[in-house]
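Asker:
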Amino acid sequence: MLQAIRELGVRVSMDDFGTGYSSLAYLKNFQFDKIKIDRCFVQGMESNASDAAIIEAIISLSKGIGVGTTAEGIETESQFQIVAAKGCCEGQGYLFSRPLTSGDAEKFIEEYTIKLEKMLNSIYNI
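Position in the sequence shown counted from 1, then plus 1108, gives you the working numbering.
#1: Between ILE1167 and LYS1142, is the Cβ-Cβ spacing less than 8 Å?
#2: Below 8 Å, how does it come out for the segment 1172-1186 and the segment 1140-1155: are there three or more Cβ pairs, yes or no?
#3: With a floor of 3 residues, list each beta strand (DSSP E) that falls wholly inside the segment 1153-1192, ordered by position along the chain.
#4: DSSP on PHE1140, reduced to helix/strand/coil?
#5: Using C-beta distances below 6 Å, list every residue in its chain close to ASP1123, excluding the 5 sequence neighbours before and after it, in chain order.
#6: Note the first and the last residue of the continuous beta strand (DSSP E) segment covering SER1121.
#7: TYR1129 lies in the alpha helix (DSSP H); which residues open and close that run?
#8: State the DSSP-derived secondary structure class of GLY1117, mapped to helix, strand or coil.
#9: When you compare the CB positions of GLY1181 and ARG1147, do they come within less than 8 Å of one another, or not?
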């Protein structure tokens, strides 16, 4: 069924990877486009070496099986810089925006593009 959905152009992500019902068996048996790293690891990575190591392992695993990663729960520029330096180039969280209505999303994208470019330039020294 996931393959039929993907053929329609829908991208499929495994949410909250590393917690709850996420499992390595799911990665083996289902084709995902992306793994979303659970926010509990992002929130703890600056003070807990295990959380940082888990994030690195998830990113490495994702690259090894050819899927992207998104870090959830990014609230500070420091968290964004750390996950980006580890190779995770997508993130979501309050650093970028609180949840938006569909009507506010277009305006947000226009206004935020400049801020995001500056953040990326500071990380990658572009």
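Every residue gets a Cβ at the ideal spot worked out from N, C-alpha and C, and that includes glycine.
Answerer: Concretely, from the data shown:
#1: Your numbering for residue 1167 matches position 59 in the sequence shown. Your numbering for residue 1142 matches position 34 in the sequence shown. No; because the gap between Cβ atoms is not below 8 Å, this pair is not in contact.
#2: yes
#3: 1176-1179
#4: Mapped onto the sequence shown, residue 1140 falls at position 32. Three-state DSSP puts PHE1140 in coil, outside helix and strand.
#5: As a working mapping, residue 1123 is identified with position 15 in the sequence shown. Excluding sequence neighbours, ASP1123 sits near LYS1144.
#6: Indexing the sequence shown from 1 puts residue 1121 at position 13. Segment 1121-1125, the beta strand (DSSP E) holding SER1121.
#7: Residue 1129 sits at position 21 when you count from the first residue of the sequence shown. No alpha helix (DSSP H) contains TYR1129, which DSSP labels as neither H nor E.
#8: Taking the sequence shown and counting its residues from 1, the one referred to as residue 1117 is at position 9. Here GLY1117 sits in coil by DSSP.
#9: As a working mapping, residue 1181 is identified with position 73 in the sequence shown. As a working mapping, residue 1147 is identified with position 39 in the sequence shown. Yes; because the gap between Cβ atoms is below 8 Å, this pair is in contact.
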